[in-house]
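J.:
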Amino acid sequence: MQKTTILDRALAGERLVFTDPEFAIVEQKVVHTARLLQMFNQTTQTGAERRQLLSDIFGTTVPISTDIKAPLHSDFGGHIFVGENVFINQDVILTDLGGIYLGDGVLIGPRSTLITVNHVEAPKHRRDLLPQAIHIEAGAWLGAGVTVLPGVTIGENTIIGAGAVVTKDIPANVVAVGTPAKILRHVLAEVDDESAI
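The numbers in the working numbering rise by one with no breaks, and the one at position 10 of the sequence shown is 13.
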């Protein structure tokens, strides 16, 4: 049986004990990602150079159709998985140790925050981490300043209104707003329907 690493356990949603010697692996990646993000966030990079830096941070090739604006912030970087035609606006924070999965055509507004890690409540173990993946399915759109908490799935084509805090799963094809985010209505099927809002 193959032994799992701390990174495998993070993606599996297992509790990570802060005193585990393998935490050094996480710390090394954090330092590496910070250096690469510093380069990415400089405005002097070409499009190809920026895409290569993102691919190095994410550990997988970032599609040419995906557009990620600077500044971008991430604590880990290696557990961000993006599809085709993804757009991430400026000043987005991706706390990704637990895994962030962005489907094709996902839009993320400026100053949004996706958090995949929580801490244990018990004071003696509060440094331990509880990672849970976030899944943003194809065509979903997060408005400016949205916060998505650990373990949340946002369904296909769903719109999350600006400033919302998403604490629970939101189904496909709805508009959700508020703190905590609640479903307001279904997504409009056609552009002509928008005059009725």
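Note that CB positions come from ideal geometry on N, CA and C, so glycine has one too. Quick caveat, the model's predicted, so the values are computed rather than measured.
How should Ser68 be labelled, buried or exposed, when 16 other C-beta atoms within 10 angstroms of its C-beta is the threshold for buried?
T.: Walking along the sequence shown from the start, residue 68 turns up at place 65. Exposed is the call here.
J.: Which whole-angstrom value describes the C-beta separation of Ala179 and Leu187, a residue pair presumed to lie in contact below a C-beta threshold of 8 angstroms?
T.: Counted from its first residue, the sequence shown places residue 179 at position 176. Counted from its first residue, the sequence shown places residue 187 at position 184. About 6 angstroms separates the two Cβ atoms, so the contact holds.
J.: Let's test the definition: count the other Cβ atoms within 10 Å of the Cβ of Thr8 and tell me whether it reaches 16, buried, or not, exposed.
T.: If you number the sequence shown from 1, residue 8 lands on position 5. Burial call: exposed.
J.: Note the first and the last residue of the continuous alpha helix (DSSP H) segment covering Arg38.
T.: Stepping through the sequence shown from its first residue, residue 38 is reached at position 35. 26–43 is the extent of the alpha helix (DSSP H) around Arg38.
J.: So what does DSSP say about Lys6, is it helix, strand or coil?
T.: By 1-based counting over the sequence shown, the position of residue 6 is 3. If DSSP states are grouped into helix, strand and coil, Lys6 belongs with coil.
J.: So, helix, strand or coil for Arg188, using DSSP?
T.: Here residue 188 is taken as the residue at index 185 of the sequence shown, counted from 1. Strand.
J.: Nearest by alpha-carbon distance to Glu25: which of Glu159, Asp131, Ala141 is it?
T.: Residue mapping note: residue 25 aligns to position 22 of the sequence shown, counting from 1. Considering only alpha carbons, the answer is Asp131.
J.: Does Asp11 come out as helix, strand or coil in the three-state DSSP assignment?
T.: On the sequence shown, position 8 is the one that residue 11 refers to. Three-state result, Asp11: helix.
J.: Between Lys127, His35, Ile118, which lies nearest to Gly102 when the distance is taken from Cα to Cα?
T.: Within the sequence shown, numbered from 1, the residue matching residue 102 stands at position 99. Nearest C-alpha to Gly102: Ile118.
J.: Let me check one thing: in DSSP terms, what residues is Asp212 bridge-paired to?
T.: As displayed, the chain neither begins before 4 nor continues past 200, which places residue 212 out of reach and without an answer.
J.: Under 6 angstroms Cβ to Cβ from Asp59, same chain only, skipping five residues before and after it: list those, please.
T.: The residue labelled residue 59 in the question sits at position 56 within the sequence shown. Same-chain partners within the cutoff: Leu39.
J.: Just how far apart, CA to CA, sit Asp23 and Glu30?
T.: Numbered from 1 along the sequence shown, position 20 holds the residue referred to as residue 23. Numbered from 1 along the sequence shown, position 27 holds the residue referred to as residue 30. Looking at the two C-alpha atoms, the distance is approximately 12 angstroms.
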